[in-house]
Amino acid sequence: MTKVRVFGVGLLVAATAALTACGSATQVAGPPGRMSFSPGSVPAGAAGLTGSPDGSTTKADVFGPKCSSKPSRFLAAAGAAGLIGTAVTVFAPADEVLGDTDPEPILRLHVIGKRYDAKGLAVAGSVSSLDASGGPVKIDGFGENMTINGAKILCGNVPEGNATVFVIDKVLRSEPVS
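Quick note, in the numbering used here, the sequence shown goes up one by one and the last residue is 378.
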């Protein structure tokens, strides 16, 4: 009797493994060197993040250690260029990081032509800025541990007009596409 039970359990385990291996889930291919996720799935660390399909955020979604002030110089330049009125994502260097740098020439490198929230960026892994010559903008990590081309997020998911703003700790530099 024990041999029959052991054989039955072994058969059940083998059948389950075989059926799992034959699954029909499709994979979404990401950029080379990136993980792929099944449609509708998110990376484990991003599962707890709030998110919306259109990338819009509210004040309740804002996160980060330095959300007490907005990067006024960069946002003023983006507003003057008409970028804040459209559904975009803005990676705005903090005022103290921007220093004497004129924001106008670097605006397009810091703006993504689609509105993303933190969860959407984490799932995307890489996005294109409005500066096509700048190469892809790489997103690593999740939430407060997320980096944008190596820049740390000081404050994220900030709603500003029709844009979602992420305040970052450095000015992004153009990395030409090879």
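Each residue gets a CB set at the ideal place from its N, CA and C atoms; glycine is no exception.
Cβ pair A322, G335 closer than 9 Å: Taking C-beta atoms as the reference points, A322 and G335 fail to come closer than 9 Å.
Just to confirm my understanding: we take T301, look at its own chain, exclude 5 residues before and 5 after, and list those with CB closer than 7 Å. What are they? The answer, listed in chain order, is V371.
Looking only at its own chain, which residues have a Cβ that is under 6 Å from the Cβ of D340, when we skip the five neighbours before and after it? Excluding its 5 nearest sequence neighbours in each direction, D340 has C-beta neighbours in its own chain below 6 Å: T347, listed in chain order.
Where P303 falls, given that 16 or more other Cβ within 10 Å makes a residue buried: So P303 counts as buried.
Let me check one thing: in DSSP terms, what residues is C355 bridge-paired to? Beta-bridge analysis with DSSP links C355 to V367.
For L283 versus V262, is the C-beta spacing smaller than 9 Å? Note that the C-beta distance between L283 and V262 is not below 9 Å.
What is the DSSP secondary structure of P305, counted as helix, strand or coil? Annotated three-state conformation of P305 is helix, per DSSP.
Look up A292 in the DSSP assignment and give the residues it is bridged to. Answer is V367.
A163 vs D369 beta-carbon contact at 9 Å: Since the first residue of the chain shown is 201 and the last is 378, residue 163 is not available in this structure.
Just curious, the beta strand (DSSP E) that S326 is in, first and last residue? Boundaries of the beta strand (DSSP E) around S326: 326-328.
Indicate, with yes or no, if the ligand GTP has a heavy atom lying under 8 Å from the CB of I306. Absence of the ligand GTP is noted for the structure shown, with no ligands found whatsoever.
What is the DSSP secondary structure of K314, counted as helix, strand or coil? Three-state result, K314: coil.
By Cβ distance, which residues of its chain are closer than 7 Å to C267, with the 5 residues on each side in sequence left out? C355, listed in sequence order.
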